[in-house]
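Numbering (the numbering used here), first residue to last: 116 to 376. Note that the Cβ used here is the ideal one computed from N, Cα and C, for glycine as well.
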Amino acid sequence: MPRRILISNDDGHESPGLWALARACRSLDCDVTVVVPNKNQSAVGGSLTLRQELNWVRIEDPPVPGIDAWHVNGSPASAVIVGLNGVLDEEPDLLVSGINRGANIGNDLTASGTVGAALQGHYRGITSLAISYAMDPRAEGIDWDAAERVAAIFCREEIEGRLPKSIFLNVNIPLVPFEEIKGILVTRVARRGYFHLEVQGESKGFLTRGPFEPTPLDPPPGTDIWAIMHKYVSVSPLQANFTDHHVIDALGERFNAAWNE
């Protein structure tokens, strides 16, 4: 029986990265189902679409033959829930979110709809990957060959369910030809400058990207940013459990002491 893969993303059903990923998964002779937002939902994180009716619509004649494809009027996380609970009859062996137009590295992870979609699969105990391509999201005419080939490697590796259930993977692919990629590095998430507000007048403005921290010329080795800058595929193992177990006892003592003062 063929393995089953559910694909989602945050760029919507018109993204070329989505169909590059679908081709990669179809090359593995798997049953592939696509359930994605009906429009771009970048930077919505793991938010859910609540208090409105969700409608999922079949995509007729998708660009990749042999797949079942749908779009949903909801967030990436909501699209995954629709896929798992409304479209599929059986749980997939693998959930893959991507391929995102632009890297998801450093502090981007908490805002990333790509990661938010993968997180929903992880919550269900499904082997889950988030895959992103380190390109300018506004660029046109990008060659997706390298990203597609790297995605196929990760999907083939993880379709057997060997990934520990305690983690999911965040994969970032450098924007270079496949032959120039130096390899795969397992990385930690770097610290990165976040958005700041450009104020125009007393009560209006817009968000802009702050600088890298440290500067992009010298990111720490072993981080996702360093890997991408040096033409490696970055794969960061992530946990949904945000608890810092190292400080529980010390904080407990301190707060109990404060309570009893």
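Item to check | Candidates Asp258, Pro117, Ser243, Ala158: closest to Pro131 by CA position | outcome: One-based indexing of the sequence shown puts residue 131 at position 16. Per the Cα distances, Asp258.
Checklist entry - For the 8 Å Cβ check, are there 3 or more pairs between the stretch 118-128 and the stretch 150-157? => result Three or more beta-carbon pairs separated by less than 8 Å link the stretch 118-128 to the stretch 150-157, which places the two stretches in contact.
Next on the checklist: Using C-beta distances below 7 Å, list every residue in its chain close to Pro117, excluding the 5 sequence neighbours before and after it, in chain order.
Outcome noted: Translated into positions along the sequence shown, residue 117 becomes position 2. Excluding positions up to five away in sequence, the list reads Asp144, Cys145, Asp146.
Checklist entry - Per DSSP, which one or two residues make a beta bridge with Tyr248? => result One-based indexing of the sequence shown puts residue 248 at position 133. Answer by DSSP bridge pairing, in chain order: Arg216, Ile288.
Next on the checklist: Please classify Phe370 as buried or exposed, where buried requires at least 16 other C-beta atoms within 10 Å of its C-beta.
Outcome noted: What you label residue 370 is simply residue 255 of the sequence shown in a count that begins at 1. Result: exposed.
Next on the checklist: On the criterion of 16 or more Cβ atoms from any shown chain inside 10 Å, does Ile214 qualify as buried, or is it exposed?
Outcome noted: Here residue 214 corresponds to residue number 99 of the sequence shown, with the count starting at 1. Burial call: buried.
Checklist entry - Going along the chain, which residues of its own chain have a beta-carbon closer than 7 Å to the beta-carbon of Arg119, five neighbours each way excluded? => result Within the sequence shown, residue 119 is the residue found at index 4, counting from 1. Cys145, Asp146, Glu205, Pro207, Asp208.
Checklist entry - Using the C-alpha atoms, what's the distance from His361 back to Thr229? => result As a working mapping, residue 229 is identified with position 114 in the sequence shown. As a working mapping, residue 361 is identified with position 246 in the sequence shown. Going by the C-alpha atoms only, they are around 29 Å apart.
Item to check | Contact the stretch 277-292 vs the stretch 341-350: 3+ CB pairs below 8 Å | outcome: Touching, yes.
Checklist entry - Going along the chain, which unbroken runs of the beta strand (DSSP E) with 3 or more residues stay wholly within the stretch 139-184? => result Entirely contained in the stretch 139-184, the beta strand (DSSP E) runs reaching 3 residues are, in chain order, 146-152, 171-173.
Next on the checklist: DSSP three-state label for Ser349, please.
Outcome noted: Within the sequence shown, numbered from 1, the residue matching residue 349 stands at position 234. Here DSSP, grouped into helix, strand and coil, assigns Ser349 to strand.
Checklist entry - Between the C-alpha atoms of Gly189 and Val265, what's the straight-line distance to the nearest angstrom? => result Within the sequence shown, the letter at position 74 stands for residue 189. Within the sequence shown, the letter at position 150 stands for residue 265. Cα to Cα, Gly189 sits roughly 28 Å from Val265.
Next on the checklist: Buried or exposed, going by whether 16 or more other CB atoms sit within 10 Å of the CB of Arg216?
Outcome noted: As a working mapping, residue 216 is identified with position 101 in the sequence shown. Under this definition Arg216 is a buried residue.
Checklist entry - Nearest CA to the CA of Gly198: which residue from Pro279, His237, Ile122, Ala261? => result For the purposes of this step, residue 198 is identified with residue 83 of the sequence shown, where counting begins at 1. Shortest Cα-Cα distance from Gly198 to any of Pro279, His237, Ile122, Ala261 involves Ile122.
Next on the checklist: Between the alpha carbons of Arg271 and Glu368, how many angstroms are there, rounded?
Outcome noted: Stepping through the sequence shown from its first residue, residue 271 is reached at position 156. Stepping through the sequence shown from its first residue, residue 368 is reached at position 253. About 47 Å.
Item to check | 6 Å CB neighbourhood of Gly161 in its chain, flanking five on each side removed | outcome: Start at 1 with the first residue of the sequence shown, and residue 161 comes out as number 46. Excluding positions up to five away in sequence, the list reads Ala192, Gly231, Leu234.
Next on the checklist: Within 10 Å of its beta-carbon, does Trp374 have 16 or more other beta-carbons around it, so buried, or fewer, so exposed?
Outcome noted: Position 259 of the sequence shown, counting from 1, holds the residue named residue 374. Of the other Cβ atoms in all chains shown, fewer than 16 fall within 10 Å of the Cβ of Trp374; this residue is therefore exposed.
Next on the checklist: Just to confirm before moving on: does the CB-CB distance between Trp171 and Val202 stay below 9 Å?
Outcome noted: The count along the sequence shown starts at 1 and reaches residue 171 at position 56. The count along the sequence shown starts at 1 and reaches residue 202 at position 87. Judged by their CB atoms, Trp171 and Val202 are nearer to each other than the 9 Å cut-off.
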